[in-house]
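Student: Right, I'll just put the structure down here and ask away after.
There are 2 protein chains.
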Amino acid sequence: MAADSTQQRILDSAEKLFGEHGIAATSLRSIIADADVNIAAIHYHFGSKDELVKEVFGRRINQVNEARLRNLAQLRAKFTDTPVPVSDLFRAFLTPAVALTQDPARGGLSFARLVARAHAETDAAVQSVLFHELKTVLEQYLSELGRSAPHVSESERRMRMLFSAGAMVQTMLLPLRQDFLNHFFDAKMSQEEIIESLVTFCTVGMQSEPSTAERL
Amino acid sequence: MAADSTQQRILDSAEKLFGEHGIAATSLRSIIADADVNIAAIHYHFGSKDELVKEVFGRRINQVNEARLRNLAQLRAKFTDTPVPVSDLFRAFLTPAVALTQDPARGGLSFARLVARAHAETDAAVQSVLFHELKTVLEQYLSELGRSAPHVSESERRMRMLFSAGAMVQTMLLPLRQDFLNHFFDAKMSQEEIIESLVTFCTVGMQSEPSTAERL
DNA sequence: GTCTATAGGGGGATAGAC
DNA sequence: GTCTATCCCCCTATAGAC
């Protein structure tokens, strides 16, 4: 079956190992060992390590960004006369990525880890593949936020969108740090509770008046 | 002079290259080329690459965390009867790290980049060196936040501290992405404005009532 | 403390048989 | 499409002269 083809097994193993050890630290030899394929197969199907990296990202990035755009379209259809509530916008934007974190069935956890890594990456090639489609999505959400939070300046909205993305990335990394942070977070929160907590955090942060914090 | 010693030059170059390309992708050979020293010197002074990594982190992590604790002590001395305002707590916590980002004089930018990378790292060794002292600092701030934001549950406060750290990391990475994000942020904000924007974002996020977002 | 030389291993990539 | 065998490079680390 197609899901167990050589290409698929290589992509799955590469995604897992890239996420665990980083791209540079992952050798093609460790990938072929994990995927139980031959070293030559990786060059036959992908040509080079760089091309393999692009394929690993390309396979999943689209599904996250497409889900974000679908969610946004639904909200726009629902709120025709009034601006979409900011909390709904953040829930629509954040859920597809964070939910991937707890989808161990199809290796979502590995990809979540890889995305989190990529967000801290400054390499131009990785940045390019990661942000190419994300930029379009961000501009759409920012345009909608212009209607939902008109009292906040454009540059401030973009700044706060960056803060929100940062909070999201740390949330995505959370399941991967159980060994270390188990005693830092005493109470176990469910996935839904974590997402709602994140949505609230980003929403009030996006909405706040610039001078609000001085009184807090 | 001591600042130009072989060890210092190795540490400076290693910090710069680790931040730019990642630890695994940085060879000792590229470090000695940048530092203009001999390959054997690196082993003579540090023993191995792993030990060098520890030294690179150890040299600067302390100064950030010590500044955070100094700032906290000052606030505690200033607010003896009333709780310290949340905004002051975040400013005290966030400024030492973010300010490092724009201290190109002594390579602070390189280390900021490295720290940002390390925050997305799941490798146990890196996590250990990064969070060993940070944990103590976090617990002190969380303890103070317990007095300043008593209406928020303990687990929610810790969650929101994680979100804030994520926002901080993305802020630290900001100066490194000028090539890509120049057209995403139209208006240039000063370092002080960025920090204040981040402080406001984290403060209102930490303070918010759980049900607040539903109305936004 | 600093150098050269080299050991010893692992890396990506390719040629050519099947 | 998949295999074996191999090329050639770069890597970390060390030995030993100065």
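As they're listed, the protein sequences go chains A and B. Just so you know, the working numbering puts the end of the first sequence at 201, numbered straight through with nothing missing. Just so you know, the working numbering puts the end of the second sequence at 201, numbered straight through with nothing missing. Heads up, the beta-carbon is just placed ideally off N, CA and C, and yes, glycines get one too. Here the structure is a predicted model, which means the values were calculated and not measured.
Is the separation between the beta-carbon of residue 99 of chain A and that of residue 93 of chain A shorter than 8 Å?
Tutor: One-based indexing of the first sequence puts residue 99 of chain A at position 114. One-based indexing of the first sequence puts residue 93 of chain A at position 108. No, these two residues do not count as a Cβ contact at 8 Å.
Student: Quick check: is the beta carbon of residue 70 of chain A nearer than 8 Å to any beta carbon in chain B?
Tutor: Numbered from its first residue, the first sequence carries residue 70 of chain A at position 85. Residue 70 of chain A counts as touching chain B.
Student: Between the C-alpha atoms of residue 126 of chain A and residue 88 of chain B, what's the straight-line distance to the nearest angstrom?
Tutor: Within the first sequence, numbered from 1, the residue matching residue 126 of chain A stands at position 141. Within the second sequence, numbered from 1, the residue matching residue 88 of chain B stands at position 103. Rounded to whole angstroms, residue 126 of chain A and residue 88 of chain B show a C-alpha spacing of 33 Å.
Student: Suppose you measure from the CA of residue 59 of chain B to the CA of residue 18 of chain A; what does that come to, to the nearest Å?
Tutor: Taking the first residue of the second sequence as 1, we reach residue 59 of chain B at position 74. Taking the first residue of the first sequence as 1, we reach residue 18 of chain A at position 33. Looking at the two C-alpha atoms, the distance is approximately 55 Å.
Student: Please state whether DSSP places residue 134 of chain B in a helix, a strand or coil.
Tutor: Within the second sequence, residue 134 of chain B is the residue found at index 149, counting from 1. Coil, per DSSP.
Student: What residues of chain A sit near residue 155 of chain B, judged by a beta carbon separation below 8 Å?
Tutor: Residue numbering aside, residue 155 of chain B sits at position 170 when the second sequence is read from its first letter. Within chain A, the residues near residue 155 of chain B are 104, 147, 148, 150, 151 and 154.
Student: Quick check: is the beta carbon of residue 143 of chain A nearer than 8 Å to any beta carbon in chain B?
Tutor: Reading the first sequence from its first residue, position 158 is the one you call residue 143 of chain A. Yes, residue 143 of chain A counts as interfacial toward chain B.
Student: Using 8 Å as the limit for Cβ to Cβ distance, is residue 37 of chain B near chain A?
Tutor: Walking along the second sequence from the start, residue 37 of chain B turns up at place 52. It does not: the Cβ of residue 37 of chain B has no partner Cβ on chain A nearer than 8 Å.
Student: Tell me whether residue 29 of chain A, by its Cβ, gets closer than 7 Å to a heavy atom of the ligand PLP.
Tutor: Annotation note on the ligand PLP: not contained in the displayed structure, which lists no ligands.
Student: Does the segment 111 to 125 of chain A come within contact of the segment 37 to 47 of chain A, defined as at least 3 CB pairs closer than 8 Å?
Tutor: yes
Student: Using a beta-carbon distance cut-off of less than 9 Å, what residues from the segment 180 to 197 of chain B approach chain A?
Tutor: Those would be 181, 182, 183, 184, 185, 186, 187, 188, 189, 190, 191, 192, 193, 194, 195, 196 and 197, in chain order.
Student: Secondary structure at residue 93 of chain A, three-state DSSP: helix, strand or coil?
Tutor: Indexing the first sequence from 1 puts residue 93 of chain A at position 108. Residue state, collapsed to three classes: helix.
Student: With a threshold of 8 Å between beta carbons, is residue 170 of chain A in contact with chain B?
Tutor: Your numbering for residue 170 of chain A matches position 185 in the first sequence. Output row for residue 170 of chain A: interface = yes.
Student: Going by beta carbon distance, what residues of the same chain come within less than 6 Å of residue 182 of chain A, once the five residues before and after it are set aside?
Tutor: Your numbering for residue 182 of chain A matches position 197 in the first sequence. Excluding residues within five positions, none has a Cβ falling inside 6 Å.
Student: For residue 8 of chain A, name the three-state secondary structure that DSSP assigns.
Tutor: One-based indexing of the first sequence puts residue 8 of chain A at position 23. Note: residue 8 of chain A maps to coil in three-state DSSP.
Student: Give me the residue from B:193, B:13 and B:152 with the minimum Cα distance to residue 179 of chain B.
Tutor: Residue mapping note: residue 179 of chain B aligns to position 194 of the second sequence, counting from 1. Minimum Cα distance to residue 179 of chain B is reached at B:152.
Student: Tell me which residues share the same chain as residue -6 of chain B and place their Cβ nearer than 8 Å to its Cβ, disregarding the 5 neighbours each side in the sequence.
Tutor: Within the second sequence, numbered from 1, the residue matching residue -6 of chain B stands at position 9. So the list reads 20, 21 and 22, once near-sequence residues are dropped.
Student: To the nearest angstrom, how far is the alpha carbon of residue 49 of chain B from that of residue 80 of chain B?
Tutor: Taking the second sequence and counting its residues from 1, the one referred to as residue 49 of chain B is at position 64. Taking the second sequence and counting its residues from 1, the one referred to as residue 80 of chain B is at position 95. Approximately 9 Å between the Cα atoms of the pair.
Student: Please work out which residues of its chain come closer than 6 Å, Cβ to Cβ, to residue -14 of chain A, disregarding the five sequence neighbours upstream and downstream, and give them in chain order.
Tutor: As a first step, residue -14 of chain A is located in the first sequence; it is residue number 1 there, counting from the start. With a pLDDT of 44 at residue -14 of chain A, under the threshold of 50, the modelled position of that residue is not reliable, and the figure given next carries that caveat. Around residue -14 of chain A: no qualifying Cβ.
Student: Which runs of the alpha helix (DSSP H) fall wholly inside the segment 39 to 125 of chain B and span at least 4 residues, in chain order?
Tutor: Counting only runs of at least 4 residues, the segment 39 to 125 of chain B fully encloses the following alpha helix (DSSP H) elements, listed from N- to C-terminal order: 71 to 86 and 93 to 104.
Student: Quick check on residue -7 of chain B: does DSSP put it in helix, strand or coil?
Tutor: In the second sequence, residue -7 of chain B corresponds to position 8, counting from 1. Looking at residue -7 of chain B - three-state DSSP - the assignment turns out to be helix.
Student: I'd like to know if residue -10 of chain B contacts chain A, where contact means its C-beta is closer than 8 Å to some C-beta of that chain.
Tutor: On the second sequence, residue -10 of chain B is found 5 positions in, with the first residue counted as 1. It does not: the Cβ of residue -10 of chain B has no partner Cβ on chain A nearer than 8 Å.
Student: Out of A:30, A:102 and A:201, point me to the one whose CA is closest to residue 130 of chain B's CA.
Tutor: Along the second sequence, one-based indexing puts residue 130 of chain B at 145. Nearest C-alpha to residue 130 of chain B: A:201.
Student: For the putative contact between residue 61 of chain B and residue 69 of chain B, defined by C-beta atoms under 8 Å, what is the C-beta separation to the nearest angstrom?
Tutor: In the second sequence, the residue the question calls residue 61 of chain B occupies position 76. In the second sequence, the residue the question calls residue 69 of chain B occupies position 84. Right, the Cβ-Cβ distance comes to about 7 Å (below 8 Å), so this counts as a contact.
Student: What is the residue span of the alpha helix (DSSP H) that residue 189 of chain B lies within?
Tutor: Residue 189 of chain B sits at position 204 when you count from the first residue of the second sequence. From DSSP, the alpha helix (DSSP H) with residue 189 of chain B extends over 176 to 192.
Student: Could you tell me whether any Cβ in chain B is nearer than 8 Å to the Cβ of residue 93 of chain A?
Tutor: Position 108 of the first sequence, counted from the first residue, corresponds to residue 93 of chain A. Cβ-Cβ to chain B under 8 Å: no for residue 93 of chain A.
Student: Using the three-state DSSP reduction, which class does residue 34 of chain B fall into: helix, strand or coil?
Tutor: Looking up residue 34 of chain B in the second sequence gives position 49. Annotated three-state conformation of residue 34 of chain B is helix, per DSSP.
Student: Strictly below 8 Å CB to CB, what residues from chain A border residue 79 of chain B?
Tutor: Position 94 of the second sequence, counted from the start, is the residue given in the question as residue 79 of chain B. The contacting residues do not exist; residue 79 of chain B stays about 11 Å from chain A at best.
Student: Keeping to the same chain, check which residues put their C-beta closer than 8 Å to that of residue 54 of chain B; ignore five residues upstream and five downstream.
Tutor: Position 69 of the second sequence holds residue 54 of chain B. Here the set comprises 122 and 125.
Student: Below 8 Å between beta carbons: does that hold for residue 191 of chain A and residue 105 of chain A?
Tutor: On the first sequence, position 206 is the one that residue 191 of chain A refers to. On the first sequence, position 120 is the one that residue 105 of chain A refers to. Going by C-beta atoms, residue 191 of chain A is not nearer than 8 Å to residue 105 of chain A.
Student: May I ask you to list, following chain order, the residues of the segment -7 to 20 of chain B that have a beta carbon less than 9 Å from some beta carbon of chain A?
Tutor: 4, 5, 6, 7, 8, 9, 10 and 11
Student: Give the secondary structure of residue 154 of chain B by DSSP, where H, G and I count as helix, E and B as strand, and everything else as coil.
Tutor: As a position in the second sequence, residue 154 of chain B is number 169, starting the count at 1. Correct three-state label for residue 154 of chain B: helix.
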